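> Protein chains in written order, with this note's numbering: chain A, 1 to 223; chain B, 1 to 224; chain C, 1 to 294. So that we are looking at the same thing, I have put the structure below in structure tokens.
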Amino acid sequence: MDWGVMLSYLPLYRDALLLTLRIGWQGVALALALGVVCALTLHLRLPVLRQIVTAYIELFRNTPLLVQLFFLYFALPKVGVRLSPDACGTLGLGLLGGAYMAETFRSGLDNIPTIQSESAQSLGMTRLQAFRYVILPQAVSSSVPGLVANVVFLLKETSVFSTISLMDLMFTAKDLIGMYAKTLECLTLLVVFYLIMLLPVSFLGSAIERRLRYAEFGDRRTV
Amino acid sequence: MQSLGIDVLFKGRNLLRLLGGLWVAVRISLISVALSIVLGLLIGVLMTGKSPVLRGVFRLYLETVRILPQMVLLFIVYFGTTRLFGWNLSAEVSAVFVFTFWGAAEMGDLVRGAILSIPSIQRESAQALGMTPRQVYGYVILPQTVRRLIPLSINLITRMIKTTSLVMMIGMVEVLKVAQQIIEANRRTSPNAAFGLFAVVFLLYFAICWPISRLAGYLEKRWA
Amino acid sequence: MKFSTWKRITAVALALALTFALAACGKGDSGAAPAGDAGSDAAGFRTLDEIKASGTVNIGVFSDKSPFGYVDENGDYQGYDVYFAQRIGEDLGVEVNYVSTEAANRIEYLQTGKVDIILANFTVTEERAQEVDFALPYMNVALGVVSPDERVITSLDELGADDEVIVISGTTAETYLEKNNPEIKLQKYDAYAEAKTALENGNGAAWANDNTEVIAFAIENPGYTVGIPSLGSADTIAPAVTKGNDTLLNWLNDEIMALGAENFFHTDYEATLLDTYGADYEDTLVVEGGVTAG
Numbered sequence: 001m002d003w004g005v006m007l008s009y010l011p012l013y014r015d016a017l018l019l020t021l022r023i024g025w026q027g028v029a030l031a032l033a034l035g036v037v038c039a040l041t042l043h044l045r046l047p048v049l050r051q052i053v054t055a056y057i058e059l060f061r062n063t064p065l066l067v068q069l070f071f072l073y074f075a076l077p078k079v080g081v082r083l084s085p086d087a088c089g090t091l092g093l094g095l096l097g098g099a100y101m102a103e104t105f106r107s108g109l110d111n112i113p114t115i116q117s118e119s120a121q122s123l124g125m126t127r128l129q130a131f132r133y134v135i136l137p138q139a140v141s142s143s144v145p146g147l148v149a150n151v152v153f154l155l156k157e158t159s160v161f162s163t164i165s166l167m168d169l170m171f172t173a174k175d176l177i178g179m180y181a182k183t184l185e186c187l188t189l190l191v192v193f194y195l196i197m198l199l200p201v202s203f204l205g206s207a208i209e210r211r212l213r214y215a216e217f218g219d220r221r222t223v
Numbered sequence: 001m002q003s004l005g006i007d008v009l010f011k012g013r014n015l016l017r018l019l020g021g022l023w024v025a026v027r028i029s030l031i032s033v034a035l036s037i038v039l040g041l042l043i044g045v046l047m048t049g050k051s052p053v054l055r056g057v058f059r060l061y062l063e064t065v066r067i068l069p070q071m072v073l074l075f076i077v078y079f080g081t082t083r084l085f086g087w088n089l090s091a092e093v094s095a096v097f098v099f100t101f102w103g104a105a106e107m108g109d110l111v112r113g114a115i116l117s118i119p120s121i122q123r124e125s126a127q128a129l130g131m132t133p134r135q136v137y138g139y140v141i142l143p144q145t146v147r148r149l150i151p152l153s154i155n156l157i158t159r160m161i162k163t164t165s166l167v168m169m170i171g172m173v174e175v176l177k178v179a180q181q182i183i184e185a186n187r188r189t190s191p192n193a194a195f196g197l198f199a200v201v202f203l204l205y206f207a208i209c210w211p212i213s214r215l216a217g218y219l220e221k222r223w224a
Numbered sequence: 001m002k003f004s005t006w007k008r009i010t011a012v013a014l015a016l017a018l019t020f021a022l023a024a025c026g027k028g029d030s031g032a033a034p035a036g037d038a039g040s041d042a043a044g045f046r047t048l049d050e051i052k053a054s055g056t057v058n059i060g061v062f063s064d065k066s067p068f069g070y071v072d073e074n075g076d077y078q079g080y081d082v083y084f085a086q087r088i089g090e091d092l093g094v095e096v097n098y099v100s101t102e103a104a105n106r107i108e109y110l111q112t113g114k115v116d117i118i119l120a121n122f123t124v125t126e127e128r129a130q131e132v133d134f135a136l137p138y139m140n141v142a143l144g145v146v147s148p149d150e151r152v153i154t155s156l157d158e159l160g161a162d163d164e165v166i167v168i169s170g171t172t173a174e175t176y177l178e179k180n181n182p183e184i185k186l187q188k189y190d191a192y193a194e195a196k197t198a199l200e201n202g203n204g205a206a207w208a209n210d211n212t213e214v215i216a217f218a219i220e221n222p223g224y225t226v227g228i229p230s231l232g233s234a235d236t237i238a239p240a241v242t243k244g245n246d247t248l249l250n251w252l253n254d255e256i257m258a259l260g261a262e263n264f265f266h267t268d269y270e271a272t273l274l275d276t277y278g279a280d281y282e283d284t285l286v287v288e289g290g291v292t293a294g
């Protein structure tokens, strides 16, 4: 193990980490937004939209991100739609994540017995109030473990970004191995940097999970 | 508008090659899932055991697998092990190894969850009826566990099939790589083949994974 | 539930495990030997006799780099490199097992013994020669840059601040530009197919690679011009074997010299490259018998 070499690679890995985080969070934000919209569409059983959302969820849950990215980045320009690698990464991660987030939110919403909404309305709340003050808080808290798992999953999935020329952690490692063949050094740094990125998320997740658990009956971990 | 590459599919053995590439993906996942189920059952049972050390070790194993991207694991196993230990694993063996390593952990956790979800009163009643611990496991706990597990492990198959798309990165020629090769060989005659081929690959994955996850969903509802 | 406690323990244990792993690697390397050596010793390679006895030789070639190494619609490997590989198999009296490689994996494949020979348009460079052993050359090469006709790049100075140049990870073009023109923004891909598609899709202002390759691309794809036909030093392309695999290296050198007598590489050119390059490039590209003109 050549420590000097590893030290000299650090700035490259740091840049890669920042890029991974930037696109990762953009993608996660998009995924959350998409997930909420889709989950509500399904929960409220909106006609037509519901079928579209279901098709979207099934399509993206049942295909690999790598293939989705290839399609977005290499295939779409052939029909005139050209996106930057950044946009593709964000969009790909967002679309994939949206499908997963939607499922998590939906099961959170559907897990609340309808009698609660009915009772709230019979107490004089409007549908919106019942949703806002009774259903949503419980749904959110019961979705949190699933959401955190999704975020970790999405950040891990960023490792395929290298194929669309984004210089993420994986790419940096592969590229350096290709140029200088310091395999062990590069792989060790790769593992260390993934831990730096993912451990805090995972910790944060379990902290939030504990805080929110008061809203739950028993152990209903959905991960 | 030039052709979008669908015609290229029907040239020579291209379509067959693409399906062959898909089969590589499916084969790796099936082997890995089979191994994962066997190992996962074992790990799951051990994880519910009394020894805190054993539980700790498996917890550590599970968290490690969960936190590292599969691609990183693939690289470590394919390139790293040769460097460190001098093992020369083929890409396919490495892939099966990594997927099993990952699958066994996930499966173990599922098994643990399934075992714990069986009310302890059943175990106690069985013991009260004079069954030995082995009998309790064999006749009471495991049959119910397996039933709960089947939909979950079917889900794992689709996750694996999707993840196999990564083996291209360690030089295996699977469906995505075949698609690239076809695009390359026909670049001159159909420059837009990328669209058709990547669309077809996208749909192929969907065609394999969707029915499987539907089946899992159906079983989950029925057996829950 | 004690999840966070577990995670904390996990983190600490992971950190410990890593430290151990690092320490172990440190020991394995013993001394200040170049990192490449430690690996190849551990992995080992197959000597000439072992290859002959096994009945197959593993040769790493490109599978998406037409016309040098690619796979045709019947699933067969074809191209200038493959034509030579096929001959090596015949003369060794063994089957050839083609291993599809990416540019960035070539050194790794040799050092880990995953292939016996790399025949994937491998340019001889000093850095690489420290990691692998090159046999005699069989082709001339320099770097070249191809760009769309709408905006032909004829000099690197023409590249604006926003322009990105497409390169393939692990190629000499990448190393050259990183070293000599660090101000140019590179867009890096793993595979030839990806880089070419990216150029077609307009993701970069130009594509820098071996000039043989960019010339071929411009000839095969109307709408592109090689604005910079030669960049950097004139290099050669040669087969490579794992460092220290002398029996195989000597055999390859003898083979290349012997093939010179029958003008093999000219035949190879005519069979695989003539369609692309025409006859004009034959003498510029081909190196016969391992003897370079200059």
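Just so it is clear, CB atoms sit at the ideal spot from N, CA and C, and this is done for glycine as well. These numbers come from a predicted model, not from an experiment.
Would I107 (chain C) pass as an interface residue toward chain F - the criterion being a Cβ-Cβ separation below 8 Å?
Included in the structure are the protein chains A, B and C, with no chain F among them.
> In this structure, how does DSSP classify E106 (chain B) when only helix, strand and coil are distinguished?
Note: E106 (chain B) maps to helix in three-state DSSP.
> Looking only at DSSP bridge pairs, what is D110 (chain A) linked to?
Bridge partners of D110 (chain A): none, in fact.
> Taking 7 Å as the line, does the beta carbon of L285 (chain C) fall inside it for any heavy atom of the ligand ATP?
The ligand ATP is not among the ligands present in this structure, which contains no ligands whatsoever.
> Which runs of the alpha helix (DSSP H) fall wholly inside the region 141-176 of chain B and span at least 4 residues, in chain order?
Correct list: 142-163.
> At the 8 Å Cβ level, is D72 (chain C) part of the contact set with chain B, yes or no?
With 8 Å as the cut-off, D72 (chain C) counts as an interface residue toward chain B.
> Given that a residue counts as buried once 16 or more other Cβ atoms are within 10 Å of its Cβ, and exposed if not, what is K50 (chain B)?
Result: exposed.
> Under 7 Å Cβ-Cβ, which residues of chain A neighbour T197 (chain C)?
In chain order: F74.
> Of all the beta strand (DSSP E) runs that stay within the bounds of the region 212-277 of chain C, which reach a length of 3 or more residues?
Correct list: 224-237, 240-242.
> Within 8 Å of any Cβ in chain B, is that where the Cβ of D157 (chain C) sits?
With 8 Å as the cut-off, D157 (chain C) does not count as an interface residue toward chain B.
> Report all residues from its chain with a CB closer than 6 Å to the CB of V160 (chain A); omit the five preceding and five following residues, and keep chain order.
For V160 (chain A), where only same-chain residues beyond five positions count, the Cβ hits under 6 Å are L65, L66.
> Can you give me the C-alpha to C-alpha distance between T163 (chain A) and V144 (chain A), rounded to a whole angstrom?
Using only the alpha carbons, I get a separation of about 31 Å.
> Near R148 (chain B), which residues of its chain fall below 6 Å by C-beta distance, leaving aside the five closest residues on each side in sequence?
Cβ within range, chain order: A114.
> Using a Cβ cut-off of 8 Å (strictly closer), state whether N181 (chain C) contacts chain A.
By this cut-off, N181 (chain C) is not an interface position.
> Where are the beta strand (DSSP E) runs, 3 residues long or more, that stay fully inside the region 72-142 of chain C, in chain order?
Runs of the beta strand (DSSP E) inside the region 72-142 of chain C: 95-100, 132-134.
> With a 10 Å radius around its C-beta and 16 neighbouring C-beta atoms as the bar for buried, classify Y218 (chain B) as buried or exposed.
It counts as exposed.
> Output needed for I6 (chain B): all residues of its chain with C-beta closer than 7 Å, excluding positions within five of it in sequence on either side, in chain order.
These residues qualify, in order along the chain: G196.
> Between which two residues does the beta strand (DSSP E) harbouring V57 (chain C) extend?
56-61 is the extent of the beta strand (DSSP E) around V57 (chain C).
> Nearest to A129 (chain C) by alpha carbon, out of C:G244, C:Y277, C:A258?
The shortest C-alpha separation from A129 (chain C) is found at C:G244.
> Go through the region 72-130 of chain A residue by residue and report every complete run of the alpha helix (DSSP H) that reaches 4 residues or more, in order.
List check, alpha helix (DSSP H) in window: 85-110, 114-122.
> Can you give me the C-alpha to C-alpha distance between Y9 (chain A) and F99 (chain B), rounded to a whole angstrom?
Their backbone Cα atoms lie some 29 Å apart in a straight line.
> Give me the DSSP bridge partner(s) of K188 (chain C).
In DSSP, K188 (chain C) forms a bridge with C:V167.
> For S202 (chain A), which three-state DSSP category applies?
Three-state result, S202 (chain A): helix.
> Using the C-alpha atoms, what's the distance from V226 (chain C) back to L4 (chain B)?
Cα to Cα, the separation comes out at about 27 Å.
> Please check if any C-beta of chain C sits within less than 8 Å of the C-beta of I177 (chain A).
Chain C, which has a Cβ nearer than 8 Å to the Cβ of I177 (chain A), makes this yes.
> What would DSSP say about D162 (chain C), mapped onto helix, strand or coil?
Here D162 (chain C) sits in coil by DSSP.
> Helix, strand or coil for P148 (chain C), going by three-state DSSP, please let me know.
Strand, per DSSP.
> Count the CB pairs spanning the region 101-121 of chain B and the region 65-72 of chain B that are closer than 8 Å, and state whether there are at least three.
Contact holds: three or more Cβ-Cβ distances are below 8 Å.
> Have a look at G89 (chain A) and G97 (chain A) and give me their C-alpha separation to the nearest angstrom.
Going from the Cα of G89 (chain A) to the Cα of G97 (chain A) covers about 12 Å.
> What residues of chain A sit near K188 (chain C), judged by a beta carbon separation below 8 Å?
Within 8 Å Cβ-Cβ: S165, M167, F171, D175.
> Going along the chain, which residues of the region 44-67 of chain C sit with their C-beta nearer than 7 Å to a C-beta in chain B?
Here the close residues are G44, S63, D64, S66.
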